[in-house]
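Every letter in the sequence shown is one number past the one before it in numbering that gives the first Met the number 0, and letter 422, counting from 1, is 421.
Backbone N, C-alpha and C fix where the C-beta goes; we use that ideal spot for every residue, glycine too.
Below: one structure, written as structure tokens.
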Amino acid sequence: MQQNYVSQRNTYKLLEKLTSQKFKTEISLLKSLVKDVVNHKEFGIIGGRIWELNPQEYSYNLCYQFGKVDKIPKGYSLSIENQPVLNKLLKQRTILNYESDELLKLKGIYSYSITGVGELIRLRGGKYYKYALAFNSPEMLQSFYETLNIISGIATIAIRGISGFSVEKKIRRDLFKASEIQRNLLPEHKIRFLDYDIYGICTPDSEVGGDYFDYLRNVYEGEENLGIVIADASSKGLPAAIQALFVSGAIRMGTRFATKITHLFSRLNTLIWETFVYERFVTLFYCELTQASNRLLLYANAGHCAPIHYRPANDSFMMLEATGAMLGLTEHQSFRVENIRMHPGDVLVLYTDGITESQDENGLMYGEERLLELIRKNYNETSENIALAIIEDVQKYTSESLYNDDKTLVVIKRDLAEQPEMTEISKASII
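Rendered as structure tokens:
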């Protein structure tokens with residue numbers, strides 16, 4: 000299961016890269032995506048088709064096909080009335096189904112997946128996606144369904160980028176205000192809780208971004224805990240910022256009612272699925288520092304970069320891998336809660352992929368190994384100095400790179416010596 004969570008995230012990053020090049024039209028982008036997906040051996044897909052909504056005819060017309068399947072006649076259409084599956088796309092977005100169209104069965108398509116992409120258009124029967132991408136594979140697995148959900152989300156985000164380019168200047172003046180709101184919602188950098196020294200930092204790539212972190216005080220059965228969350232929204236710019244703000248508010252509301260972490264994640268997943276039609280994916284890591292004498296730390300990881308737990312006493316690293324899929328991938332998901340113990344001197348580093356996937360001028364990634372060595376080198380420092388050393392090293396590494404991304408980092412360190420049990424926040428400016 001763990002390998003599947005990693006695969007989902009790798010699939011997302013791969014598809015994001017495939018759609019990152021410049022396209023003049025929506026169709027040219029989708030054609031490129033379909034070809035890349037079919038040609039990529041990891042997906043196991045042998046054929047792909049683009050169907051475009053024809054509002055006048057109340058149908059979807061074939062506008063592109065690619066792969067090792069018999070060719071369908073150019074301009075072939077599927078009536079929405081005769082294909083009930085097309086009416087289900089709004090709610091389910093991606094569906095695995097057996098083919099009912101006689102011509103398509105003659106072409107060797109017996110089972111397929113179909114996923115809605117692009118803007119929603121209102122017709123007499125309801126709302127329909129502008130495009131439907133259909134793929135077929137020798138074997139339809141659950142992992143294939145999840146892959147198609149990711150393809151749908153990535154393609155829709157990329158299409159919106161094309162259609163929104165012409166109005167970019169009109170919203171530019173609003174970004175400064177949005178940036179100010181986002182900065183005000185981030186917590187102060189530094190916080191102390193019991194014998195923990197904690198420091199967080201968020202550096203958006205543009206005026207606003209989809210990364211965020213937060214500190215959340217919780218009181219459960221009369222005992223105060225500290226929740227720490229770090230998240231990365233799937234989109235870029237303003238849509239990602241809106242999604243991050245939504246998640247931030249939902250997490251704050253949930254923790255106030257002492258909701259169990261598993262219930263909190265499941266409910267948050269459903270809210271994201273229901274609220275964000277286009278940008279549904281969020282990776283998120285949440286942990287709680289408890290007052291237990293053994294300093295038990297509870298955590299859940301929804302497809303996020305695995306935080307790094309370093310124990311200087313025996314020079315060991317432990318990666319806190321995913322305990323569930325990305326939020327918003329499917330409507331109903333379950334998540335596990337795991338735990339670790341923070342020994343005196345232990346360091347836990349939470350981060351977004353803008354840290355490890357930052358690139359130099361040759362396109363080489365910063366990577367986990369470099370981050371591990373930096374943590375080992377600086378573990379004796381304060382959490383603030385560790386965090387700033389990482390940010391500085393990443394910025395030097397990427398100084399000549401054309402590619403950039405939001406970078407967010409939270410460092411949690413337990414004191415070596417016993418400190419007075421206290422909770423305080425110190426003022427600092429957001430970078």
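Among E383, N60, Q394, K90, nearest to V409 - alpha-carbon criterion: Looking at the Cα atoms, E383 is the closest of the given residues.
Rounded to the nearest angstrom, what separates K412 and A232 at their Cα positions? 26 Å
Cβ separation of D404 and G353, assumed to be a contact under 8 Å, to the nearest whole Å: About 4 Å separates the two Cβ atoms, so the contact holds.
State the beta-bridge partners of G46 as determined by DSSP. G66, N135
Using a 10 Å radius around the Cβ and a threshold of 16 neighbouring Cβ atoms, would you call A291 buried or exposed? Taking every protein chain shown into account, the CB of A291 has fewer than 16 other CB atoms within 10 angstroms, so this residue is exposed.
Report the rounded CA-to-CA distance for S247 versus L215, giving the unit in angstroms. 10 Å
Hey, could you find the ends of the beta strand (DSSP E) Y111 is sitting in? 110-122
On the DSSP bridge assignment, give the partners of H308 in chain order. M317, L347
K189 versus K67: straight-line alpha-carbon distance, rounded: 57 Å
Assess, as a yes-or-no matter, whether the segment 114-131 is touched by the segment 43-51 under the definition of 3 or more beta carbon pairs within less than 8 Å. Contact between the segment 43-51 and the segment 114-131 is present, with at least three C-beta pairs closer than 8 Å.
Hey, quick one: how far does the alpha helix (DSSP H) through A386 stretch, first residue to last? 382-396
Comparing alpha-carbon positions, which option in E330, E356, S315, L370 lies nearest D345? S315
Quick one: using the 10 Å Cβ neighbour count with 16 as the cut-off for buried, is E360 buried or exposed? exposed
Taking Cβ to Cβ, would you say L326 is nearer than 8 Å to N268? yes
Extent of the continuous beta strand (DSSP E) to which L32 belongs: Run containing L32: none in the beta strand (DSSP E); it sits in the alpha helix (DSSP H), 25-38.
How far does the beta strand (DSSP E) with N338 in it extend, from its first residue to its last? 337-340
On a CA-only basis, which of F334, Y378, L95, P137 is nearest N313? Give me that one, please. Y378
Relative to the C-alpha of M318, which residue among F284, F334, T289 is closest? Among F284, F334, T289, the Cα nearest to that of M318 is on F284.
Simplified DSSP state of I429, which is helix, strand or coil: In this prediction, I429 scores a pLDDT of 32, lower than 50, which makes its location untrustworthy; the coordinate-derived value is nonetheless stated afterwards. The answer is coil: DSSP assigns I429 none of H, G, I, E or B.
My output table needs one value for D414: the three-state DSSP class, helix, strand or coil. Residue state, collapsed to three classes: coil.
Suppose contacts are defined by Cβ-Cβ distances below 8 Å. Is T351 in contact with T407 by that definition? Yes. Within cutoff.
By DSSP, does Q290 sit in helix, in strand, or in coil? coil
Given N96 as reference, the closest of I113, K90, L89, D414 once Cα atoms are compared: I113
Given this structure, state the Cα-to-Cα distance separating L415 from A301, to the nearest angstrom. 31 Å
Compute the Euclidean distance between the alpha carbons of L118 and L28, then round it to the nearest angstrom. The sequence shown places Glu at residue 118, not Leu. Looking at the two C-alpha atoms, the distance is approximately 15 Å.
Please classify Q242: does DSSP put it in a helix, a strand, or coil? helix
Any idea if D69 is buried or exposed, counting beta-carbon neighbours within 10 angstroms, 16 or more meaning buried? exposed
Please return the same chain residues whose Cβ sits closer than 8 Å to the Cβ of L88, not counting the five positions on each side in sequence. I94, I113, T114, G115, Y127, Y128, A131
Given this structure, state the Cα-to-Cα distance separating Y75 from K395, to the nearest angstrom. Their Cα atoms are separated by approximately 54 Å.
Would DSSP call E360 helix, strand or coil? If DSSP states are grouped into helix, strand and coil, E360 belongs with coil.
Distance, Cα to Cα, S265 vs L105? Spanning the two alpha carbons is a distance of roughly 42 Å.
Helix, strand or coil: how does DSSP classify A157 here? helix
Quick check: M341 and R294, are their CB atoms within less than 8 Å of each other? yes
Can you check DSSP and say which residues form a bridge with F212? DSSP output for F212 lists I229 as bridge partner(s).
Where does F353 fall in DSSP's three states? Looking at the sequence itself, residue 353 is Gly, so the reference to Phe does not match. In this structure, G353 counts as helix in the three-state DSSP scheme.
Which same chain residues, not among the five before or five after N135, have their C-beta less than 6 Å away from its C-beta? Cβ neighbours of N135 within its own chain (closer than 6 Å, five residues either side excluded): G46, I108, Y111.
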